[in-house]
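Numbering (the numbering used here), first residue to last: 54 to 257. All C-beta atoms in this analysis are idealised placements derived from N, C-alpha and C, irrespective of residue type, glycine included. The structure appears right after this line, and notes come after that.
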């Protein structure tokens, strides 16, 4: 609350109201963030299976120059599964991998080894824009934004920027699945929550 009280030193009620609006905004982004992560995971997993010809595509990491650094994510996922006394399977490894892992596959260091295969995960991205950096940049923005929300940090300060990020998430989801953006919009309350926050805070 300190940041909110500092912003409104003489208006405790407004500081609390702004904090409550931050909670509302974070909640309203759950649908788009969740669909983005699952869609990205499924699309990249599909292309990795195609590239390697195996369900446990991650098994090539330790012996493939340029991909060995990725094996630490697989090791961590396996440890988490084992700690729950569960059997390690390809599907459980995939489910355990973090958004950070999937986003990291778009990093510059993997352009020569992975991008040629993984670009097919974005079949509806305009062909002239279908370059690794044009995927990596927004995905890293989403990853940082998601972490702020999930770590209970403040996001309700620049509403136009939050709305830009949300619109860009829908666009990137649309690169992977033509129909999903419309479905997401039908499930979420994001526009209504933004309007309600502006009304409560008396923002134009």
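Who are the near neighbours of residue i in its chain, counting only those whose CB is closer than 7 Å to its CB and skipping five residues on each side?
{"i": "residue 175", "result": "183, 188, 228, 229"}
{"i": "residue 96", "result": "174, 229"}
{"i": "residue 171", "result": "97, 100, 158"}
{"i": "residue 154", "result": "126"}
{"i": "residue 92", "result": "226, 229, 230, 233"}
State the DSSP-derived secondary structure class of residue i, mapped to helix, strand or coil.
{"i": "residue 175", "result": "coil"}
{"i": "residue 120", "result": "coil"}
{"i": "residue 247", "result": "helix"}
{"i": "residue 98", "result": "helix"}
{"i": "residue 232", "result": "coil"}
{"i": "residue 133", "result": "helix"}
{"i": "residue 146", "result": "helix"}
{"i": "residue 181", "result": "helix"}
{"i": "residue 256", "result": "coil"}
{"i": "residue 241", "result": "coil"}
Going by beta carbon distance, what residues of the same chain come within less than 6 Å of residue i, once the five residues before and after it are set aside?
{"i": "residue 221", "result": "191"}
Starting from residue i, trace the alpha helix (DSSP H) in both directions and tell me its first and last residue.
{"i": "residue 164", "result": "Note, residue 164: premise wrong, no alpha helix (DSSP H); not H, not E."}
{"i": "residue 69", "result": "65-81"}
{"i": "residue 194", "result": "185-203"}
{"i": "residue 218", "result": "212-229"}
{"i": "residue 56", "result": "55-60"}
{"i": "residue 110", "result": "Residue 110 -> no alpha helix (DSSP H), and no H or E assigned at all."}
{"i": "residue 157", "result": "152-157"}
Please tell me whether residue i and residue j are closer than 8 Å, where the distance is taken between their beta carbons.
{"i": "residue 57", "j": "residue 71", "result": "yes"}
{"i": "residue 223", "j": "residue 87", "result": "no"}
What does a CB cutoff of less than 8 Å around residue i pick up in its chain, not counting 5 residues either side in sequence?
{"i": "residue 177", "result": "227, 228, 229, 230, 231"}
Inspect the CB distances between the region 62-81 and the region 116-134 and report whether three or more fall short of 8 Å.
no
State whether the region 205-220 contacts the region 72-79, with contact taken as three or more CB pairs (one from each stretch) at a distance under 8 Å.
In the pairwise beta carbon analysis, the region 205-220 is classified as touching the region 72-79: at least three pairs are separated by under 8 Å.
Contact the region 140-148 vs the region 101-118: 3+ CB pairs below 8 Å
yes
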